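Q:
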Amino acid sequence: MSNLVQRFQEYSDWRRGVVTALEQYRSWLGSSDLADAASDQRISRLLERLVDDKLSIAFVAEFSRGKSELINAIFFAEYGQRILPSSAGRTTMCPTELLYDETIPPCIRLLPIETRAEAQSTSDYKGQHHVWTVLPLNISSGEGMLEAFKQVSLTKKVTREVAKSYGLFDENDPDAPLEVDEDGMVEISQWRHAIVNFPHPLLKEGLIIVDTPGLNAIGTEPELTLNLIPNAHAVLFILAADTGVTKSDIDVWRNHIGGGAGRMVVLNKIDSMWDELRSPEEIESQIAHQISTVAHTLALDEKQVFPVSAQKGLVAKINKDAELLAKSRLPSLENALSHELIPAKQDIIRSQLSKDVGEITGAHHAVMSSRSRSVVEQMLELKSLRGKNKSVIDHMMKRIDAEKKEFDTSLIKMQGTRAVFTRLCTEVYTSLGMDILREEIRKSRDAMEKSKLSIGLREAVRQFFAQLRHNLVTSNKKTDEISEMMAIMYRKFSTEHGLALSAPMPFSLDKYIKEIAAIESVYQKQFTTAAMLTTPQVILMQKFFDSIASRVKQSFLQANRDVEAWQKVVMAPLEAQIREHKSQLKNRMQSIQRINVATDSLEDKIASFESMQADIDAQKKTMADLEGSLKSALAAELVALKVAA
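Take the sequence shown: its position 230, counted from the start at 1, is 229 in numbering that gives the first Met the number 0, and no numbers get skipped.
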């Protein structure tokens, strides 16, 4: 446990180091007259990304596979007892998120199951605090915490009609009669979702643990299928060593989890193979055979299958039994989480930040280079006036005045381009705006309500996704037009006025087009296998659409924010260079005018520019040092991980 905490703390230290370097860089920009609204906004967004950075691990398993026990063993052993309920049968009845929010006291927030009757997803309800039942969490009492955590295992009995209306009972399922008691009632979870706010060391560092109910919940709770599992940085799929992979395991793995980065299979309960009548070699051979079989069935590398005994690992940690802990093989799984998951997450964040940092510092380098070049040119200009008569000075003033008029003419022409830029920026939102999206969601819901046939329901959802793709592609074309227009403007000012401008900041909505495709793929897997949908499946399909709509709204909202942020900064380097160039022309004119009035001030002015050049050189060095510190902070490796490697 302490080993895992150390890794997370190092990752958090790395983030804090980058935050410090960014804040130092931003502070220096302000003191060096290089700050502008656009770069300040970009730095603020980078800082927010670092502060809000989370890392989520989802635990997925069928009932009685030891999922809750594994969470106890990895994260809660220091409490000297089980914190999550762990016993035979179902213990986790609703999706549960364990996290830490320092703005509210430790508590368990519970969303009533009755909310499934409404056309809102769990994500929609997260901002509606009055809907949740909130129970305080006494973190100083292990027994008290255990009692509070038992809330996630509470059930209630409802009629079949109510269960059907929630999408939790399908009378056409061959096993449906087994769910109905002698009074005709169906047992369901009392809660739809639980959020545990708990000041655990790992949760404080930004870890989120997602504990899922049994595999059937993955098909009935859209929040799991659309958000929590796909967005988890790691998914631990728990199987039992004695049963191996069942058909339902295979279906969930193929349709909802799959292989790839951060996906691990835990072969739990290997202690069931610890047979005193077998030799250690025979036991090892049997475990190896199960690993091989599971890896082959799930099309995985054997290195992604981890045999453990969560129960023995928990007991070993509580009793400080090193030999039993090693035998449980739990440390191997914890090391994999430490050495694979955390560096992978760091690489993603580092890659995103490095690109933005490079663009921000590049723009400031250009301004500093422009300042330096201007000072050198003005200094040479003034030195060339030594010994020259008034007519030469007049000629130079006229030349600068002509340059200024030419530049002012370009700025006037630029106003026309600005008008086009503003129009195109507005047009982006005619297909991307949230009002447009809400109307599409409303039309799709209406179409689903009116249709009683499976084909009509599917067609309504198909058209919804088709319209989303069309809207995103249309907006993407508009951003391409803006990019092309800005590139022309950048080239014009570079060639005609010598401004140090590279290509404008690129932008694309491709990321969101792929996100929508991924959401549609989840829907397709869920609802296109059966030719005809039963009434409960229709209800469930409508529940899924509510969650789909919520997920799409999140995606479009972020896309709108990204477009807005890009529109604010795409012109920023050009505007910064224009301001700098105007200032330089004004300074050149004022310098020569003063010299024209009093020629004895020429040497003083030259000395002044030499001093300015020294100041700029010092600023360049400071900027290079700060940039180096920032890049070093980004490039820093996690010490413990590096040593272990």
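Where a beta carbon is used, it is the ideal one built from N, C-alpha and C, also for glycine.
Note that the structure is predicted; figures quoted are calculated from it, not measured.
Residue range of the alpha helix (DSSP H) that Asp509 falls in?
A: Here residue 509 refers to the residue found at position 510 when the sequence shown is read from its first residue. Boundaries of the alpha helix (DSSP H) harbouring Asp509: Asp509 to Phe526, taken from the DSSP string.
Q: When the distance is taken between beta carbons, is Val195 closer than 8 Å to Leu97?
A: Counted from its first residue, the sequence shown places residue 97 at position 98. Counted from its first residue, the sequence shown places residue 195 at position 196. Their beta carbons are under 8 Å apart, which means Leu97 touches Val195 by this criterion.
Q: Within the chosen definition, does the segment 350 to 357 reach the segment 25 to 39 through at least 3 CB pairs nearer than 8 Å?
A: With a cut-off of 8 Å, the segment 25 to 39 and the segment 350 to 357 do not count as touching, because too few Cβ pairs lie within range.
Q: Under three-state DSSP, which class holds Ser188?
A: Taking the first residue of the sequence shown as 1, we reach residue 188 at position 189. Ser188 falls in the strand class under three-state DSSP.
Q: Excluding sequence positions up to five away, which residues of its chain have a Cβ less than 8 Å from the Cβ of Gln377?
A: Along the sequence shown, read from residue 1 onward, the residue named residue 377 stands at position 378. So the qualifying residues of the chain are Gln583, Asn586, Arg587, Ser590 and Phe608.
Q: Of the residues Asp274, Ser30, Phe7 and Ser120, which one's Cα is nearest the Cα of Lys552?
A: Start at 1 with the first residue of the sequence shown, and residue 552 comes out as number 553. Of the candidates Asp274, Ser30, Phe7 and Ser120, the residue whose Cα lies closest to the Cα of Lys552 is Ser120.
Q: So what's Phe74 in DSSP terms, helix, strand or just coil?
A: Here the question's residue 74 lines up with position 75 in the sequence shown. Secondary structure of Phe74 (DSSP, three-state): helix.
Q: Would you call the segment 504 to 515 in contact with the segment 471 to 490, where contact means no fewer than 3 C-beta pairs closer than 8 Å?
A: Segments in contact, yes.
Q: Considering only C-alpha positions, which residue in the set Arg115, Val234, Phe492 and Glu458 is nearest to Ile411?
A: For this step, residue 411 is matched to residue 412 along the sequence shown. When each option's Cα is compared against that of Ile411, the closest is Phe492.
Q: Among Ala309, Ile256, Thr242 and Lys620, which one has its Cα closest to the Cα of Gln285?
A: Here residue 285 refers to the residue found at position 286 when the sequence shown is read from its first residue. Among Ala309, Ile256, Thr242 and Lys620, the Cα nearest to that of Gln285 belongs to Thr242.
Q: Give the range of the beta strand (DSSP E) segment to which Lys344 is assigned.
A: The residue given as residue 344 occupies position 345 in the sequence shown. Looking at the DSSP string, Lys344 is not in any beta strand (DSSP E); the run it does join, the alpha helix (DSSP H), is Ile341 to Lys382.
Q: Can you tell me the Cα-Cα spacing of Ala530 and Asn267, whole angstroms?
A: Within the sequence shown, the letter at position 531 stands for residue 530. Within the sequence shown, the letter at position 268 stands for residue 267. Any reading at Ala530 needs caution, since the residue's pLDDT is 48, under 50, leaving its predicted position unreliable; the model's value is listed next. The alpha-carbon atoms of Ala530 and Asn267 are separated by roughly 37 Å.
Q: Looking only at its chain, what residues have a beta carbon closer than 8 Å to the beta carbon of Ala634, apart from the 5 residues adjacent to it on each side?
A: The residue given as residue 634 occupies position 635 in the sequence shown. Only Arg349 meet the Cβ criterion.
Q: From Ser520 to Arg457, what distance separates their C-alpha atoms?
A: The sequence position of residue 520 within the sequence shown is 521, counting from 1. The sequence position of residue 457 within the sequence shown is 458, counting from 1. Approximately 13 Å, taken between the alpha carbons.
Q: If you drop the 5 nearest sequence neighbours on each side, which residues of the same chain put their C-beta closer than 7 Å to that of Thr147?
A: Counted from its first residue, the sequence shown places residue 147 at position 148. Contrary to the premise, residue 147 reads as Ala rather than Thr in this sequence. Counting only Cβ-Cβ distances below 7 Å, and skipping sequence neighbours, we find Ile107, Leu134 and Leu136.
Q: For the structure I just gave you, are there three or more beta carbon pairs, one from the segment 294 to 313 and one from the segment 325 to 336, closer than 8 Å?
A: yes
Q: Smallest Cα separation from Pro200: which of His338, Ser55 and Phe75?
A: Here residue 200 refers to the residue found at position 201 of the sequence shown. Selected option, being the one with the closest Cα: Phe75.
Q: When the Cα atoms are used, what is the spatial distance from Glu439 to Glu483?
A: Along the sequence shown, read from residue 1 onward, the residue named residue 439 stands at position 440. Along the sequence shown, read from residue 1 onward, the residue named residue 483 stands at position 484. Distance between the alpha carbons of Glu439 and Glu483 is about 30 Å.
Q: Report the residue ranges of all beta strand (DSSP E) runs contained in full by the segment 132 to 164; include only those spanning at least 3 residues, in chain order.
A: 132 to 135 and 154 to 158
Q: State buried or exposed for Ala643, treating a residue as buried only when at least 16 other CB atoms are found within 10 Å of its CB.
A: Within the sequence shown, residue 643 is the residue found at index 644, counting from 1. Residue confidence is low: Ala643 scores 45 on pLDDT, short of 50, so the model does not pin down where it sits. Its coordinate-derived value is still stated next. For Ala643, the number of other beta carbons within 10 angstroms of its own is below 16, and it is reported as exposed.
Q: Looking at C-alpha atoms only, which residue of Ser11, Ala118, Gln618 and Ala401 is the closest neighbour of Ser549?
A: The count along the sequence shown starts at 1 and reaches residue 549 at position 550. Of Ser11, Ala118, Gln618 and Ala401, the residue nearest in Cα terms is Ala118.
Q: At the level of alpha carbons, what is the spacing between Ala446 and Arg81?
A: As a first step, residue 446 must be located in the sequence shown, where it is residue number 447. As a first step, residue 81 must be located in the sequence shown, where it is residue number 82. Roughly 49 Å between the two C-alpha positions.
Q: Give the secondary structure of Thr114 by DSSP, where H, G and I count as helix, E and B as strand, and everything else as coil.
A: For the purposes of this step, residue 114 is taken as the residue at position 115 of the sequence shown. Thr114: helix per DSSP, three-state reduction.
Q: If you draw a straight line from the C-alpha of His338 to the C-alpha of Leu313, how long is it?
A: By one-based count along the sequence shown, residue 338 stands at place 339. By one-based count along the sequence shown, residue 313 stands at place 314. Cα-Cα distance, rounded: 21 Å.
Q: Can you list, in chain order, the residues of its chain whose CB lies under 6 Å from that of Glu301, leaving out five sequence neighbours each side?
A: In the sequence shown, residue 301 corresponds to position 302, counting from 1. Contacts found: Ile290 and Ala294.
Q: Under 8 Å by Cβ, that's how I've got Val50 and Thr91 pegged, so tell me the actual separation to the nearest angstrom.
A: Residue mapping note: residue 50 aligns to position 51 of the sequence shown, counting from 1. Residue mapping note: residue 91 aligns to position 92 of the sequence shown, counting from 1. Actually they do not touch by this definition, with Cβ atoms about 30 Å apart.
Q: Thinking C-beta only, is Ile341 closer than 8 Å to Phe677?
A: The shown model of the chain, from 0 to 644, leaves out residue 677, and the question about it has no answer.
Q: Consider the Cβ of Ile256: report whether some Cβ of chain D lies at a distance smaller than 8 Å.
A: Here there is only one protein chain, and chain D is not present.
Q: Have a look at the DSSP bridge pairing and note the partners of Val195.
A: For this step, residue 195 is matched to residue 196 along the sequence shown. Checking the DSSP bridge columns, you'll see Val195 partnered with Leu97 and Ile107.
Q: Tell me Pro306's beta-bridge partners as DSSP assigns them.
A: Translated into the one-based positions of the sequence shown, residue 306 becomes position 307. Leu266.
Q: Can you tell me the Cα-Cα spacing of Arg417 and His363, whole angstroms?
A: Taking the first residue of the sequence shown as position 1, residue 417 is located at position 418. Taking the first residue of the sequence shown as position 1, residue 363 is located at position 364. Cα to Cα, Arg417 sits roughly 23 Å from His363.
Q: What does a CB cutoff of less than 6 Å around Tyr24 pick up in its chain, not counting 5 residues either side in sequence?
A: Here residue 24 is taken as the residue at index 25 of the sequence shown, counted from 1. Counting only residues of its own chain and dropping the five nearest sequence neighbours on each side, Tyr24 has a CB closer than 6 Å to the CB of Leu625 and Leu629.
Q: Could you check what DSSP says for Val562 in three-state terms: helix, strand or coil?
A: In the sequence shown, counting from the first residue as 1, residue 562 sits at position 563. In the three-state DSSP reduction, Val562 falls in the helix class (H, G or I).
Q: For the beta strand (DSSP E) containing Val50, list its first residue and its last residue.
A: Within the sequence shown, numbered from 1, the residue matching residue 50 stands at position 51. Careful: Val50 lies outside any beta strand (DSSP E), inside the alpha helix (DSSP H) at Ala36 to Val50.
Q: Rounded C-beta distance between Pro111 and Leu223? I'm assuming under 8 Å.
A: Counting from one through the sequence shown, the residue named residue 111 turns up at place 112. Counting from one through the sequence shown, the residue named residue 223 turns up at place 224. Not a contact, Cβ separation roughly 18 Å.
Q: So the alpha helix (DSSP H) Asp434 belongs to, where does it begin and stop?
A: Mapped onto the sequence shown, residue 434 falls at position 435. From DSSP, the alpha helix (DSSP H) with Asp434 extends over Met433 to Lys449.
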